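The sequence shown begins at 186 in the working numbering and counts up one residue at a time. C-beta atoms are modelled at their ideal positions from N, C-alpha and C, and glycine is treated no differently. As the structure is a computational prediction, the values presented were derived from the model and not from experiment.
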Amino acid sequence: MYTIQPNYDGMLAAYLDEISAAQDEESRQEAEALQLEKEYRSAIIREWAEVSIRDGEENYDLNDQATWEMAA
186 MYTIQPNYDG
196 MLAAYLDEIS
206 AAQDEESRQE
216 AEALQLEKEY
226 RSAIIREWAE
236 VSIRDGEENY
246 DLNDQATWEM
256 AA
């Protein structure tokens, strides 16, 4: 009589592949969020610079105005 043995190696490999894919997606999303944050910051700084130039504020301190608190 034959008994059917589950393919534990295949099941483990599939599970590890699933975990790896989830980690890759999480890393991709984090990288995308950082890129969007940089683009957003740059756009705000450019806008502040344009406003300061129009207002004639030559010493407008963009670095102080563009300081962002990172949420923990």
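By Cβ distance, which residues of its chain are closer than 7 Å to residue i, with the 5 residues on each side in sequence left out?
i: Asp202; result: none
Beta-carbon within less than 8 Å of residue i's beta-carbon, same chain only, minus the 5 sequence neighbours each way: which residues are those?
i: Ser212; result: none
Quick one: what's got a C-beta closer than 6 Å to residue i's C-beta in the same chain, skipping five residues either side?
i: Ser165; result: Because residue 165 is not part of the residues shown, which for the chain are 186 to 257, the question remains open.
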